[in-house]
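Residue numbers (the working numbering), protein chains in the order written: chain A, 101 to 432; chain B, 101 to 432. Built from N, CA and C at the ideal position, the CB exists for glycine as well. Below is one structure, written out as structure tokens, with a few remarks after it.
Number of protein chains: 2
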Amino acid sequence: MSVTIKDIAKVAGVSYATVSRALNDHPDINEKTKKKIKKIAKQMGYTPNAVARGLVKKNTNMIALLIPDISNPFYPEVARGVEDIARKNGYCVFLCNTNWDEQNEHKYLNILKERRVDGIIIAPVTIDTYHYVSKEKADVPVVYIGNRIDDSSSSFVVIDDFKAGYIATEYLVKLGHRNIAFIGGHDRTTSHLDRINGYKRALTEHKLETDINIIKDYSFKKESGYLIFLEMVKNRRVPTAIVAENDIIALGIMEAAEKHGYEVPRDISIIGIDDIEFGSLSKINLTTVAQPKFEIGQKSAGILLDLISGSIESKQVILEPFLIVRGTCSRI
Amino acid sequence: MSVTIKDIAKVAGVSYATVSRALNDHPDINEKTKKKIKKIAKQMGYTPNAVARGLVKKNTNMIALLIPDISNPFYPEVARGVEDIARKNGYCVFLCNTNWDEQNEHKYLNILKERRVDGIIIAPVTIDTYHYVSKEKADVPVVYIGNRIDDSSSSFVVIDDFKAGYIATEYLVKLGHRNIAFIGGHDRTTSHLDRINGYKRALTEHKLETDINIIKDYSFKKESGYLIFLEMVKNRRVPTAIVAENDIIALGIMEAAEKHGYEVPRDISIIGIDDIEFGSLSKINLTTVAQPKFEIGQKSAGILLDLISGSIESKQVILEPFLIVRGTCSRI
DNA sequence: ATGATAATTTTAAACGTTTACGAAAAAAGG
DNA sequence: CCTTTTTTCGTAAACGTTTAAAATTATCAT
Chain A
101 MSVTIKDIAK
111 VAGVSYATVS
121 RALNDHPDIN
131 EKTKKKIKKI
141 AKQMGYTPNA
151 VARGLVKKNT
161 NMIALLIPDI
171 SNPFYPEVAR
181 GVEDIARKNG
191 YCVFLCNTNW
201 DEQNEHKYLN
211 ILKERRVDGI
221 IIAPVTIDTY
231 HYVSKEKADV
241 PVVYIGNRID
251 DSSSSFVVID
261 DFKAGYIATE
271 YLVKLGHRNI
281 AFIGGHDRTT
291 SHLDRINGYK
301 RALTEHKLET
311 DINIIKDYSF
321 KKESGYLIFL
331 EMVKNRRVPT
341 AIVAENDIIA
351 LGIMEAAEKH
361 GYEVPRDISI
371 IGIDDIEFGS
381 LSKINLTTVA
391 QPKFEIGQKS
401 AGILLDLISG
411 SIESKQVILE
421 PFLIVRGTCS
431 RI
Chain B
101 MSVTIKDIAK
111 VAGVSYATVS
121 RALNDHPDIN
131 EKTKKKIKKI
141 AKQMGYTPNA
151 VARGLVKKNT
161 NMIALLIPDI
171 SNPFYPEVAR
181 GVEDIARKNG
191 YCVFLCNTNW
201 DEQNEHKYLN
211 ILKERRVDGI
221 IIAPVTIDTY
231 HYVSKEKADV
241 PVVYIGNRID
251 DSSSSFVVID
261 DFKAGYIATE
271 YLVKLGHRNI
281 AFIGGHDRTT
291 SHLDRINGYK
301 RALTEHKLET
311 DINIIKDYSF
321 KKESGYLIFL
331 EMVKNRRVPT
341 AIVAENDIIA
351 LGIMEAAEKH
361 GYEVPRDISI
371 IGIDDIEFGS
381 LSKINLTTVA
391 QPKFEIGQKS
401 AGILLDLISG
411 SIESKQVILE
421 PFLIVRGTCS
431 RI
């Protein structure tokens, strides 16, 4: 049984309301008694009970971050960003890994509701997440990352995914490629849709044909990219260049290419999107379109806190992606 | 204002104690009223308030996982392991990133105390963490990972780090290397100490000289390995083989070697410890000594839950590391 | 019908805080 | 020295649950 405010009140010879106020630096408490009470509290090893406080104050000072895949280095980086801001403002963050599974996502959303978190940042598995959240009337503020929401009353921070797809593809075109394929995930995410549209636009602008390959399973793993490329070689439809929807997929593609006698970038050029840390290893040296991961985390946390404090109604942020030229793409 | 048990009681025409029991499937509630109440609860969109419950039940069903570096893919993997077990048992996990900083670690420990988490799994920054935790008389169960604790009443799960160091070094010796250096982090962690001792033992058993290089800053980043290797070339003391304390360091070393004209493994052999996912990319192909990351997470969570339920007093688990031969080490 | 027993429900206290409101004490003003 | 104002503190209710104990109702054998 840990020591409570009442215990302190007893030894200090004051009411426990006074103790509460003293500990919270309430102005109506005499400076002297404040000191005394604080001293006693420290001596007794008092630790405030956040759950009791949460009950009466109706907030928990916890926010949650839902991400689909903690093993994809992209997400830890944004997690660091949100934690950075959250911590500086006295918030703790619950990190939940949905594992690219809508079921898990929904379960977590319910748990978080029960736990009365003050706000949620969510990198949705699919666009349906948004509908689920709205239907469930989550009274908590939510900010989405990696997915535009087509509703001006909701908040999100994304990069301009269209531009990302466009930049990647155009770079390949500029290098002289005419046969450029796209490999990416399911179509239930604006991030995917936008990137694919950027890809299409860049190609049609140059009167080139598109070749879009969609990963069947609803997750982004190296293996998914690997398998798609395998099919390409099986079907003898290997392009001269590939834009991968993200770096993880790109790595999988490179892996498959490598294993089947294609040398990157001599035989095939590959470009990713995200700029995960390991892409920069000189042995990998992945050319990619970067997004500011840490900043995405910070921004979204900042918005969430503003939403919580009520200082804003909603906010939508679109960050700029930028090309990082490394070694996996070459002039044809 | 969300709907409470009292609201339900009112419309159901029963006392709120009955509602509570009905919702919790208490045996002495009539099956019929139970159904009725549950139905009403659902209709009204009731979500139990976990913080109120936590207050009276004196548990939160939350555990925390403290890790030093979420950007090191090793930790997300163990995080997945603990989350796996935690979730299956109705627990949520707080993921806290200490960033290799003892201050942060202590801050988090306090916060977790206030929040009344039911237990903590901690990958300590240094061995001192243990003393801090004991001094603070954390009344919550704690299990350490990655660090043996020299106290039979406390719990941990580690790999046999001595053996890991030994296996790595001996493998290099078997390949014919005679000039083998060790590069690793600070000496305030048993994991480090043990690995280094395993390294020493393997060398002294073969009457070879040791060459131990310690990273100055207290963190494990690629850059640390990079810098140490730079010094080696500056001092013209480049060995023929290096055992890195972990894969991240190994990658940094490879990077530095590469950039300075050393081809791996032709000019220098490098072996890591951990087996992070990206080491297996064919372009990297890092030879390493693996530890069962996911299992470490699962095991530690399992122990923690047993500790919480009181079914055990303490438990210490030492898992076996195993060599994974890939392409960064060659016969000399 | 009558106790006795079992099944079901209610009452009330508790968990550890915060906080509106009021009371007492101290300070200020006349 | 009395009133007014200000400062400081205490009382009590509230937050939304759970749960022991008491109370009520139903069941059943006699």
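Is the Cβ-Cβ distance between B:I432 and B:G276 less than 7 Å?
yes
Could you round the C-beta distance between B:I221 and B:V182 to whole angstroms and report it? I think they count as a contact, below 8 Å.
6 Å
Below 7 Å between beta carbons is the criterion; list the residues of the segment 146-175 of chain A that meet it against any residue of chain B, in chain order.
T147, P148, N149, A150, V151, A152, G154, L155, T160, I170, S171 and P173
Paired residues, beta bridge with B:D374 - DSSP
B:A390
Cβ-based burial, A:K132 [other Cβ within 10 Å; buried from 16]
exposed
How far does the alpha helix (DSSP H) with A:G298 in it extend, from its first residue to its last?
T290 to E305
I'd like to know whether the C-beta atoms of B:F282 and B:V338 end up nearer to each other than 7 Å.
no
What do you reckon, are the CB atoms on A:N385 and A:G352 nearer than 7 Å?
no
Have a look at the DSSP bridge pairing and note the partners of B:N161.
Answer by DSSP bridge pairing: none, since B:N161 is not bridged.
Taking Cβ to Cβ, would you say B:W200 is nearer than 7 Å to B:S319?
yes
Residues of chain A with a CB under 8 Å from the CB of B:D239: which are they?
For B:D239, the neighbours in chain A by C-beta distance under 8 Å run, in chain order, S102.
Buried versus exposed, by CB contacts within 10 Å (16 or more), A:S252:
Classification for A:S252: exposed.
Tell me, please, whether the segment 140-156 of chain A touches the segment 212-219 of chain B by the rule of three or more beta-carbon pairs shorter than 8 Å.
yes
What are the boundary residues of the alpha helix (DSSP H) that A:N130 is part of?
Here A:N130 belongs to no alpha helix (DSSP H), and DSSP marks it neither H nor E.
Where A:I220 sits in the DSSP three-state scheme
Correct three-state label for A:I220: strand.
Check distances from the C-beta atoms of the segment 191-206 of chain A to those of chain B and list, in chain order, the residues that come in under 9 Å.
C192, V193, F194, L195, C196, N197, N199 and N204
When the Cα atoms are used, what is the spatial distance from A:H206 to A:Y232?
8 Å
Could you tell me whether the Cβ atoms of A:C192 and A:L166 are closer together than 7 Å?
no
Residues of the segment 375-405 of chain A with a CB closer than 8 Å to any CB of chain B: list them in chain order, please.
Of all residues in the segment 375-405 of chain A, the ones placed with a Cβ closer than 8 Å to any Cβ belonging to chain B are E377, F378, L381, S382, K383 and I384, in chain order.
So for B:S253, helix, strand or coil by DSSP?
coil
If you compare alpha carbons, which of A:I170, A:G190, A:A186 and A:D184 is closest to A:T198?
The shortest C-alpha to C-alpha distance from A:T198 to any of A:I170, A:G190, A:A186 and A:D184 is the one to A:I170.
Do you know whose CA, among A:D317, A:I280 and A:I315, lies nearest A:K300's CA?
When each option's Cα is compared against that of A:K300, the closest is A:I280.
Backbone secondary structure at B:G181 - three-state DSSP
helix
Buried versus exposed call for B:P127 [16 or more other C-beta atoms within 10 Å across all chains shown]
exposed
If you measure between the beta carbons of B:A341 and B:R295, is that distance less than 7 Å?
Contact: no.
So B:R180 contacts chain A; which residues on that side make the cut at Cβ distance below 9 Å?
I170, S171, N197 and N199
Give every residue of the same chain whose Cβ lies closer than 6 Å to the Cβ of A:V257, excluding the five residues on either side of it in the sequence, and list them in chain order.
I245, I396, K399, S400 and V417
Could one say the Cβ of B:K188 lies closer than 7 Å to chain A's Cβ atoms, at least one of them?
Taking Cβ atoms only, chain A never reaches closer than 7 Å to B:K188, which makes this a no.
Helix, strand or coil: how does DSSP classify B:N210 here?
Helix at B:N210.
Interface residues of chain A around B:L351 at Cβ under 7 Å?
Under the 7 Å cutoff, chain A gives L381.
Examine chain A for any beta-carbon lying closer than 7 Å to the beta-carbon of B:R216, and answer yes or no.
yes
Short of 7 Å in beta carbon distance, which residues of its chain neighbour B:I408, apart from the five on each side in sequence? Order them along the chain.
Cβ neighbours of B:I408 beyond the five flanking positions: D218, G219 and P241.
Please determine, among B:M332, B:G298, B:A302 and B:N297, the residue with the shortest C-alpha to C-alpha distance to B:N313.
B:M332
Measuring CA to CA, which of B:T226, B:I259, B:S411 and B:M144 is closest to B:K393?
B:I259
For A:K322, does the count of other Cβ atoms within 10 angstroms reach 16, so buried, or fall short, so exposed?
buried
Can you tell me whether B:T304 is buried or exposed? The criterion is at least 16 other CB atoms within 10 Å of its CB, across all chains shown.
exposed
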